[in-house]
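So the sequences go chain by chain: A, B, C and D.
Everything in the first sequence is counted per the working numbering, starting at 70 for the first residue and increasing by one.
Everything in the second sequence is counted per the working numbering, starting at 70 for the first residue and increasing by one.
Everything in the third sequence is counted per the working numbering, starting at 1030 for the first residue and increasing by one.
Everything in the fourth sequence is counted per the working numbering, starting at 1030 for the first residue and increasing by one.
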Amino acid sequence: MKNSGKVVFNKKTGEGLYHLRLAVKKRFKAKPAQFINVKVSDTVVPLLRRPFSIFSAEKKELDLVYKVIGEGTRLLSEKKKGDAVDFIGPQGNTYPVDLKDKKSKLIIIGGGTGAASVHFLANELKKSKRKFTLIQGARNKRLIVAEKEFKKLGCLFATEDGSLGTRGYVTDVLKKVLEPNAVIYACGPEPMIKAVKRITEKMDDVKFYASFEAYMGCGIGACISCVIPVGVADNFVYKRVCKEGTVFDVSEVVI
Amino acid sequence: MKNSGKVVFNKKTGEGLYHLRLAVKKRFKAKPAQFINVKVSDTVVPLLRRPFSIFSAEKKELDLVYKVIGEGTRLLSEKKKGDAVDFIGPQGNTYPVDLKDKKSKLIIIGGGTGAASVHFLANELKKSKRKFTLIQGARNKRLIVAEKEFKKLGCLFATEDGSLGTRGYVTDVLKKVLEPNAVIYACGPEPMIKAVKRITEKMDDVKFYASFEAYMGCGIGACISCVIPVGVADNFVYKRVCKEGTVFDVSEVVI
Amino acid sequence: MRVNTTVNIGGLVLKNPVMTASGTFGYGLEFEEYVNLNKLGAIVVKGIALNPVKGNKPQRLVETPAGIMNAIGLQNVGVEAFISEKLPLLKKYSTPVIANIYGTDVDGYIKVAQRLNDSATAAVEINISCPNVKKGGLQFASDKDAIATMMNGIKKVFTRPVIVKLSPNTGNIEEMAQVCEDNGADAVSLINTLVGLSINLKTRRPNIANVFGGLSGPAIKPVALAMVHKVSKKIKIPIIGIGGIMNTTDALEFIVAGASAVQIGTANFVDPSITGIIADGIKSYLDDNGINSITELTGTLEY
Amino acid sequence: MRVNTTVNIGGLVLKNPVMTASGTFGYGLEFEEYVNLNKLGAIVVKGIALNPVKGNKPQRLVETPAGIMNAIGLQNVGVEAFISEKLPLLKKYSTPVIANIYGTDVDGYIKVAQRLNDSATAAVEINISCPNVKKGGLQFASDKDAIATMMNGIKKVFTRPVIVKLSPNTGNIEEMAQVCEDNGADAVSLINTLVGLSINLKTRRPNIANVFGGLSGPAIKPVALAMVHKVSKKIKIPIIGIGGIMNTTDALEFIVAGASAVQIGTANFVDPSITGIIADGIKSYLDDNGINSITELTGTLEY
Ligand SMILES: Cc1cc2nc3c(=O)[nH]c(=O)nc-3n(C[C@H](O)[C@H](O)[C@H](O)COP(=O)(O)OP(=O)(O)OC[C@H]3O[C@@H](n4cnc5c(N)ncnc54)[C@H](O)[C@@H]3O)c2cc1C
Ligand SMILES: Cc1cc2nc3c(=O)[nH]c(=O)nc-3n(C[C@H](O)[C@H](O)[C@H](O)COP(=O)(O)OP(=O)(O)OC[C@H]3O[C@@H](n4cnc5c(N)ncnc54)[C@H](O)[C@@H]3O)c2cc1C
Ligand SMILES: Cc1cc2nc3c(=O)[nH]c(=O)nc-3n(C[C@H](O)[C@H](O)[C@H](O)COP(=O)(O)O)c2cc1C
Ligand SMILES: Cc1cc2nc3c(=O)[nH]c(=O)nc-3n(C[C@H](O)[C@H](O)[C@H](O)COP(=O)(O)O)c2cc1C
Ligand code: FES
Ligand code: FES
């Protein structure tokens, strides 16, 4: 859906990290792992919208957390209170959660700005009183996304330099909390997804779903540019992250 | 010269009209009719700098008055107090004023945003106690540039709808004040320059200099794009407005 | 005043000159929630081949200054699935559907056109910016003989308008247009994307897995306008202008340059409602300027 | 570490690979207050013909999305005035001066080169993006025979390096590069501007008096990179990369794509100091990345 919001705040929260809140006209209905595609410029440079996962969507507010990478995110970081922000969304599917299954351990893992999408999931589960284990990893404490909000959700942290939580990777924490029949949800850089996949693929009672990122043209399923290979190595089809995703069963993704 | 300044104010003063003051590090030495070439964007759209005449240059301050026309001037109008503005200049020549000649009547005419450049000239003449007649014209009062500052200089106004000063064109006022041996300095739209030329070319004791505008690529004499034909109709050369100009003896320009 | 926005493209009458550009509008359905598809002159769908094609490895798209570059690799569902699965879903709209087609040799093109003749496809648009496998990967785009043969074959099997989509990656697009006209094309559309390369300096690798990609968007608009104007001086069949059209003004510039209709590509990614907005914009422009029919504007560039 | 930024362009050794692009740097002198001209690899001056040329009617330049379009009409002072008035003023710099030359027929080119042989010009760069008057205005750019004849003529009268500047307005720039190499060119430079058109919808007239213009700037960078890379796979003589280079990263991308040196054009209008900044930037890049010589980077694109 074409949509727009007004900046409530757009504040720096860490090294290159920002938290943006938009006020939207109608209650914004979205699901964890969905994203919005934001127009960051009002000239033709940068031309394309920029996709961001929804961090939270409460009543008439919509939050993003993002990292300044290049021109597009730099322009976004310059938006001031009251500025209008044009976006499309929510787009994409969501993490499959079986709320009837009350016993499997749910493990939620966020890495880098992938933390946005898993924050939304953890928050929804908390609301529906379903227990979960939440892990967030980063190189160091200053790169941890939305530390305060994650702490409220009982998050376990892993930092490579030990400046917050466990010294090491999210997988080091994962190994400690992993149980048979666990269901894992994750969003983060590809090396993280791969590392988790290596651990989980040996355990066929464990399910692993991840929200993927891909370079997007349209964000609405039209250009077939955001594809990832789904199937097995020599017999796969390309599926669109913006439409069939962003969440895929990682055992089916060729990575 | 490569230069930069910080926005002191950038305020709306009329219909699409703005007055921008920049604070520069060193005393800014410039002459009437000179311009600066301003970087309005920090992406590659718009790519080129935008030229603006210097309205005034006092101590460490530099003023422009400009009209929002397209993307470049729109971006300029969005600059806020404290923002840095990168510019090149001052560039170009100046109005030839013979300060030893104390009797010829000096008539200064500004039309549209061309008023910026003649304001600078009138102000300098006032400082050196040389008398002059100043005229500014526009379609209506709301399009008069820097009304207050021009009033201080004793300006005669001409508006097409009579909402300020004489009803009519600057040439209607000019005809009333024109004297033998007058020297006219003008900056404004081409039709205005042409109209003044038609009046003055019949009087060979009257001199007429105008500051010209042209679409500029580099603003420093390198691209030869800002040319106007100087000479007579079938024997002219192209001269650069940014380098040999902006001021030319109108009797030598093929318009 | 009731302005007339209809245009005639080789017998196919469009309610207005605004079409979608192949590959940027999916099979139309992706845009249902953003634009009333009935508002469009025509929907040109993603390029279709005889058989399904998997497409290139990702990364398939990258942004460039005021443009994008893509190498999707002509991923498509194949002509059968297009006819049985996609086309029926567009039936509910009154807007004609034009199939953009391609092949790996002359025969491939003809077979797709033949199969489409028995479908609700209103016209075909032939994408000649493809390598000819039989000729060792040479581009059809500059091969006059191949185009003549192809055109003759297609005209025999496809009974509705045939549009040839020209490539800008040639030194003689006017001649290519002439060959199309001479061999029975009902219209030409131009331009397809310009060959480009984008490099990641850190990795010293191309940003696109396929190495080269096709450049589109505002960056190429001046090139497209120049080619449309030049071709319009050469041929008499209608021209569909394409390349960097982002708004109504851009669209009208192409019409002034000599186009009878336009296609909107990359702009759909920036604003998925843009085609409807431009269709409305053109109507308003005619209204505001007291122009009775859009056809009065075609080729009115003066100098 | 002392990094080596020198490059060898057909015998002409440049202290670094940063050159200015013809027509965007005047005769060099206009930039004295913005950049230390001694810092540059070479200065390529505005195109020079046998006789002075008045140039096109204004408007000669217009901005386009992420680019500009120009039709200056090759206004120039003529080869005699260049040698007697402009060249002496550049003597005080150690930087070699390269004359960009053109003619209206093969003979015209040869005569300018001949005259320049007795001057301090370090090399000539032949601009073949010009209409051949004798051949009825056909472009030299795609005329292999004309280029062969011209090259042979020029090599006989000009004893220092001859660079041919290729036009992108052709479907076969690799073949054109090959013809140059085969006929004794010491290097090729590419790309010149793309033919474009810009229209003012209000007046329905072209924005440029000459109607068509040459597109340059960031918009064309992907096209230029693609052509440089393709040509680098075809020929062995050095390539000078040109097109939309705005900063050090852009310059290095061209080198990775296969260029031995680069020319900076439109960027000089945005920042007249940019050539010096890029020369420094390349040095720092080598330093920071532990690369001994810029030549190690040429053509290192991997896929
Ligand atoms: C579904 C999805 C959800 C995302 N959620 C978040 C989030 O919550 N927070 C966050 O900080 N980032 C998120 N990202 C990444 C974010 O979109 C990129 O960081 C951003 O687009 C970079 O733009 P830029 O102009 O600053 O950088 P650029 O300099 O343009 O590009 C830097 C890199 O960013 C990526 N990128 C650029 N443009 C796009 C595009 N149109 N689509 C996809 N990737 C692109 C590319 O990998 C590119 O190499 C998400 C991406 C996707 C696909
Ligand atoms: C020497 C000189 C002094 C000037 N002084 C003033 C002044 O004091 N106040 C003022 O308001 N305006 C002045 N102008 C005009 C001002 O430069 C243009 O209005 C401005 O560049 C428009 O930019 P834009 O992006 O808003 O409009 P665009 O939409 O880009 O262009 C609108 C029109 O502005 C003109 N223009 C655009 N770019 C340039 C360029 N690079 N060089 C020249 N003209 C251009 C063209 O005529 C164009 O058709 C001056 C121009 C020159 C050459
Ligand atoms: C992602 C993408 C996919 C495309 N796929 C096709 C295609 O399948 N067939 C075709 O003829 N053109 C294809 N094109 C080219 C467009 O139809 C159009 O000619 C080009 O993008 C220029 O127009 P624009 O600047 O408005 O995008 C594609 C363009 C893009 C951006
Ligand atoms: C204003 C202008 C004038 C030019 N004049 C010439 C010329 O005289 N001879 C020539 O070979 N190229 C000329 N060019 C082309 C440039 O040298 C260069 O090839 C082109 O602009 C692409 O590089 P850029 O994108 O860095 O500008 C000119 C370009 C511009 C913008
Ligand atoms: S971004 Fe276009 S299909 Fe996903
Ligand atoms: S603007 Fe380039 S010479 Fe005047």
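The C-beta atom is built at its ideal place from N, Cα and C for all residues, glycine as well.
Could you check where the alpha helix (DSSP H) with C/GLN1143 kicks off and where it finishes?
Where C/GLN1143 is concerned, the enclosing alpha helix (DSSP H) stretches over 1135 to 1146.
Would the stretch 1046 to 1057 of chain C and the stretch 1289 to 1307 of chain C be scored as touching if the rule is three or more Cβ pairs under 8 Å?
Yes, the stretch 1046 to 1057 of chain C is in contact with the stretch 1289 to 1307 of chain C.
Using 8 Å for Cβ pairs, my map puts D/ILE1127 next to D/ALA1078. What's the rounded Cβ distance?
Not quite, the Cβ-Cβ distance comes to about 16 Å (not below 8 Å), so this is no contact.
What residues in its chain sit with their C-beta under 6 Å from that of B/GLU229, if we drop five residues either side in the sequence?
Here the set comprises ARG208.
Is A/LEU131 helix, strand or coil by DSSP?
Three-state DSSP puts A/LEU131 in a strand.
Between D/VAL1260 and D/ALA1206, which are expected to be in contact by the criterion C-beta below 8 Å, what is the C-beta distance as a whole number of angstroms?
The pair is a contact, with the Cβ atoms about 4 Å apart (cut-off 8 Å).
Listed from N- to C-terminal order along the chain, which residues in the stretch 1296 to 1307 of chain D have their beta-carbon within a distance smaller than 7 Å of any beta-carbon of chain B?
Flagged, chain order: ASN1297, PHE1298, VAL1299, PRO1301 and SER1302.
Who are the Cβ neighbours of D/ILE1183 in its own chain at under 6 Å, not counting the five residues just before and after it?
Within the same chain, D/ILE1183 has close Cβ partners ILE1139, ALA1142 and VAL1191.
Going along chain B, which residues have a C-beta under 8 Å from A/GLU140?
In chain order: THR112.
Taking the DSSP output, what are the residues bridged to A/LYS276?
Bridge partners of A/LYS276: A/VAL252.
From which residue to which residue does the beta strand (DSSP E) around C/GLU1092 run?
C/GLU1092 -> beta strand (DSSP E) spans 1090 to 1093.
Determine, for D/ARG1089, whether the minimum Cβ-Cβ distance to residues of chain B falls below 8 Å.
Taking Cβ atoms only, chain B reaches closer than 8 Å to D/ARG1089, which makes this a yes.
Check each residue of the stretch 1060 to 1075 of chain C: if its Cβ is closer than 8 Å to any Cβ of chain A, include it; give the result in chain order.
Residues PHE1060, GLU1062, TYR1063 and LYS1075.
Is the Cβ of C/ALA1345 closer than 8 Å to any Cβ of chain D?
Examination of residue 1345 of chain C is not possible in this model, given that chain C is present from 1030 through 1332 alone.
Ordered along the chain, which non-local residues of its own chain (more than five positions away) have a Cβ less than 6 Å from that of D/SER1171?
Closer than 6 Å at the Cβ level, and outside the excluded window around D/SER1171, lie THR1199.
Helix, strand or coil: how does DSSP classify D/SER1051 here?
It is coil, neither helix nor strand.
Suppose you measure from the CA of D/ILE1101 to the CA of C/VAL1135; what does that come to, to the nearest Å?
One C-alpha to the other measures close to 44 Å.
Per DSSP, B/PHE317 is paired with what?
Per DSSP, B/ALA279.
From this set, D/ASN1318, D/THR1324, D/LYS1263 and D/ILE1307, which residue's C-alpha is nearest D/VAL1285's C-alpha?
Ranking the options by Cα distance to D/VAL1285, first place goes to D/THR1324.
Which residues in chain B have a C-beta closer than 9 Å to the C-beta of D/GLY1096? List them in chain order.
Result: VAL113 and LEU116.
Just to confirm the assignment: which complete alpha helix (DSSP H) runs, minimum length 4, are found wholly within the stretch 1281 to 1317 of chain C?
List check, alpha helix (DSSP H) in window: 1296 to 1299 and 1303 to 1317.
Which of the three DSSP states, helix, strand or coil, is assigned to B/GLU147?
Here B/GLU147 sits in coil by DSSP.
Apart from the five residues just before and just after C/GLY1076, which ones in its own chain have a Cβ nearer than 8 Å to its Cβ?
So the list reads SER1051, GLY1052, LEU1103, ASN1105, ASN1129, ILE1130, TYR1131 and ASN1156, once near-sequence residues are dropped.
Could you spell out the range, first to last residue, of the alpha helix (DSSP H) harbouring A/ASP155?
Run containing A/ASP155: none in the alpha helix (DSSP H); it sits in the beta strand (DSSP E), 153 to 160.
What residue from D/ALA1280, D/ILE1220, D/GLY1213 and D/VAL1042 has the CA that sits closest to D/LYS1265's CA?
For the residues D/ALA1280, D/ILE1220, D/GLY1213 and D/VAL1042, the minimum Cα distance to D/LYS1265 belongs to D/GLY1213.
Is it true that the CB of B/SER73 sits closer than 8 Å to the CB of B/ALA185?
Not closer than 8 Å, so no.
Please list, in chain order, the residues of the stretch 1249 to 1261 of chain D that have any C-beta partner in chain C closer than 7 Å.
Under the 7 Å Cβ criterion, the stretch 1249 to 1261 of chain D contributes LYS1250, PRO1251, VAL1252, LEU1254, ALA1255 and HIS1258.
Compute the Euclidean distance between the alpha carbons of B/LYS221 and B/ILE204, then round it to the nearest angstrom.
Cα to Cα, the separation comes out at about 12 Å.
Go through the stretch 1183 to 1263 of chain D residue by residue and report every complete run of the alpha helix (DSSP H) that reaches 4 residues or more, in order.
The stretch 1183 to 1263 of chain D contains these whole alpha helix (DSSP H) runs: 1202 to 1211 and 1250 to 1263.
Does DSSP classify D/MET1180 as helix, strand or coil?
Looking at D/MET1180 - three-state DSSP - the assignment turns out to be helix.
Determine the burial state of A/PHE78: buried for a count of at least 16 other Cβ atoms within 10 Å of its Cβ, exposed for fewer.
When all chains shown are included, A/PHE78 counts as exposed.
If you measure from the CB of D/LYS1231, is any heavy atom of ligand 2 nearer than 7 Å?
Outside the cutoff, so no.
Alpha helix (DSSP H) containing A/ASN192: first to last residue?
Counting along the chain, the alpha helix (DSSP H) containing A/ASN192 begins and ends at 184 to 196.
What is the DSSP secondary structure of B/SER294, counted as helix, strand or coil?
Coil at B/SER294, not helix or strand.
Are the beta-carbon atoms of C/PRO1081 and C/ALA1110 separated by less than 8 Å?
Cβ atoms of C/PRO1081 and C/ALA1110: closer than 8 Å.
Take C/SER1302 as the anchor and find which of C/GLU1059, C/ILE1038 and C/VAL1042 has the nearest alpha-carbon.
Ranking the options by Cα distance to C/SER1302, first place goes to C/GLU1059.
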